[in-house]
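Single-structure report; data block below.
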Amino acid sequence: MVADSTAAEPWLAEGVIAGPDDLDMDALAAGVVPESCILVSEPVFLVCTHAKRNACCARIGLPLARALAEILPDRIWETSHVGGDRYAANLVCLPHGLYYGSMSQAAAIAAADAYRSGEVILDRFRGRAGIPEPLQAAEHFVRSHTGELSVGGVAVESSRSDGGTTEALVRGSDARFRVVVEPMTLTTPCGTACADTITTYRLVSLDRVTPVRYATSALT
1 MVADSTAAEP
11 WLAEGVIAGP
21 DDLDMDALAA
31 GVVPESCILV
41 SEPVFLVCTH
51 AKRNACCARI
61 GLPLARALAE
71 ILPDRIWETS
81 HVGGDRYAAN
91 LVCLPHGLYY
101 GSMSQAAAIA
111 AADAYRSGEV
121 ILDRFRGRAG
131 IPEPLQAAEH
141 FVRSHTGELS
151 VGGVAVESSR
161 SDGGTTEALV
171 RGSDARFRVV
181 VEPMTLTTPC
191 GTACADTITT
201 YRLVSLDRVT
211 PVRYATSALT
């Protein structure tokens, strides 16, 4: 199974190979679907259950994976480390690479149902894989500000960083927003297996700049 979360239209493909050497990694990085795979439309969900990395991932993640598998058989995969042990249980939605953390079984089921309907649930939403953390935060702040929940309804168009501050131009469904964020450090009491501190992002400013304009056919 391979997925491209950074393509203009993220895709997921499945196939059978003899081993990793059968995959052209350079072609995959360029967004090319392997010849041995076929595109599929049904999403897949990953749940980290990697006990050797962090016991919480197995203790919390395994029951969650099993509960989801009862509802969505063959679409739930247990996986190794996906980052953010302190957020166990972690859920990753493919092909878009949406991350959720600190998931209860009920929250995971709700997030999976929403994703299959093309939407995001902001509660416990960690961000979107494939773009830097401050840009994930910028997208999240625009979603929170506008209430836009469609998976493809928000995207960063451009950005620049100056020291620790990041400014991004983010497209929403009907407007663009200039978003400025900066990092902040929080202490986490999640135990010795996790980092003592975590970096999150604070919203400095969010301003509507222009409406989104769409091309229309010329009148005759």
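In UniProt numbering, the protein residues as written are 1 to 220. For each residue, glycine too, the CB sits at the ideal point set by N, CA and C.
Proximal residues to residue i (C-beta, below 7 Å), its chain only, five neighbours per side dropped
i	result
residue 83	none
residue 6	130
residue 76	45, 47, 65, 68 and 69
residue 51	57 and 58
residue 23	17 and 34
residue 202	181, 182 and 184
residue 42	75
N- and C-terminal bounds of the beta strand (DSSP E) containing residue i
i	result
residue 207	197 to 211
residue 71	It is not in any beta strand (DSSP E) - residue 71 instead sits in the alpha helix (DSSP H) that spans 55 to 71.
residue 3	2 to 4
residue 13	11 to 15
residue 78	76 to 79
residue 40	37 to 40
residue 47	44 to 48
Proximity of residue i and residue j at Cβ, strictly below 8 Å
i	j	result
residue 100	residue 88	no
residue 44	residue 94	yes
residue 198	residue 86	yes
residue 37	residue 48	no
residue 164	residue 139	no
Other residues of its chain near residue i: CB distance less than 8 Å, five sequence neighbours each side excluded
i	result
residue 142	148, 154, 170, 172, 177, 179 and 206
residue 135	156, 159, 166 and 168
residue 11	3, 4, 33, 39 and 95
residue 123	107
residue 13	1, 2, 3, 33, 34, 37, 38, 39 and 40
residue 216	Confidence at residue 216 is low in this model, with a pLDDT of 48, below 50, so the placement of that residue is unreliable and no value is reported for it.
residue 31	4, 6 and 7
residue 128	5, 96, 97, 98, 99, 136 and 139
Range of the contiguous alpha helix (DSSP H) that encloses residue i
i	result
residue 27	25 to 29
Close Cβ partners of residue i (< 6 Å) along its chain, the five nearest in sequence each way excluded
i	result
residue 105	64 and 67
residue 53	81
residue 60	88 and 89
Mind pulling the beta strand (DSSP E) runs of 3 or more residues that sit fully within the region 82 to 168? Within the region 82 to 168, the complete beta strand (DSSP E) runs of at least 3 residues are 91 to 94, 98 to 100, 125 to 128 and 155 to 162.
If you pair each beta-carbon of the region 104 to 119 with each one of the region 138 to 154, do three or more pairs fall below 8 Å? Touching, yes.
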